[in-house]
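Quick note: the sequence shown uses this note's numbering, first residue 90, plus one each step.
Don't be surprised by glycine CBs; every beta carbon is placed ideally from N, CA and C.
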Amino acid sequence: MTALSPDSPPAERLPEIIHRLRQAHPDARCALDHRNAFELLVATILSAQCTDERVNQVTPALFARYPTPEAMAAADRAELEEAIRPTGFYRNKAKHIQEAAQRIAYDFGGQVPASMEALTTLPGVARKTANVVLGVAYGLAEGIVVDTHVARLANRLGLSRHSDPNKIEQDLMALTPRTEWIDLAHLLIFHGRRVCTARKPDCPNCVLNDLCPSATL
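Below, the structure is given as structure tokens:
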């Protein structure tokens, strides 16, 4: 068997990349606190251009006040905006959250839909958010979550040459067995936060440095 190197084809390197990331980040999971699919959906919308830590500070009081899609749908918009203000872009997020809650309450019987087709009809929900809800809340691998961390690592590791998240997702899906789609995103996100950061990747201490075409040692 030929030893793997940064020049090895992505499909040959990826199984070993996943194996090493599992060992390095056994706690990799969705970092947004939630108790059900609706809370996860709302938290994911709030996480746009905001840290998960900040979202987790806001959501306990938010969900205590508006625990169901019906309650969120009936919320006073100004009060909802104030409740989520710390997450940034609060007016647009409040609009999306409330309109999505209305659709869930009145068109989907109060249940967050469990299909990509239905989820992406909700205001504020594109593929990334839908993939989070499907994978984490329902255990359904319909795609791969591509956030800023996943996009950055996919490029640095030579798994995709694209910058468009949808094209990166298609590249990763083609390379990865469907059974790994959900976990791959969590692993790349945790590695991106802890080691392969945007400003200063810690290549000397990275478990993937001998497989990474971007490593600087």
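Are V131 and I186 closer than 8 angstroms when you measure CB to CB? It is a contact, given that the beta carbons lie within the stated cut-off.
Contact check, L306 vs C292 under 8 angstroms by CB: the rounded distance? Rounded, the Cβ-Cβ distance is 6 angstroms, consistent with contact.
Take R192 and list the residues in its own chain whose beta-carbon comes closer than 8 angstroms to its own, dropping the five residues that flank it on each side. Take R192, set aside five residues on each side of it, and the residues of its chain with a beta-carbon closer than 8 angstroms to its own are T210, L211, P212, in chain order.
Own chain, CB closer than 6 angstroms to L151, minus 5 neighbours either side, in chain order: Excluding sequence neighbours, L151 sits near A172.
Buried or exposed: G232, going by 16 or more other Cβ atoms within 10 Å of its Cβ? Counting of Cβ neighbours within 10 angstroms places G232 among the buried residues, the total reaching 16 or more.
Residue range of the alpha helix (DSSP H) that A164 falls in? Boundaries cannot be given for A164, as no alpha helix (DSSP H) includes it and DSSP labels it neither H nor E.
Are the beta-carbon atoms belonging to A120 and A162 less than 8 angstroms from one another? No, these two residues do not count as a Cβ contact at 8 angstroms.
Entirely enclosed alpha helix (DSSP H) segments - the region 171-259, minimum 4 residues: You should have 179-196, 205-208, 216-221, 237-245.
Exposed or buried, E142, counting other C-beta atoms within 10 Å across all chains shown (16 or more means buried)? The C-beta of E142 has fewer than 16 other C-beta atoms within 10 Å across all chains shown, which makes the residue exposed.
Ignore the nearest five residues each way along the sequence and tell me which others in P302's own chain have a CB closer than 6 angstroms to its CB. Here the set comprises P95, G247.
Helix, strand or coil at Q112 [DSSP, three-state]: Helix at Q112.
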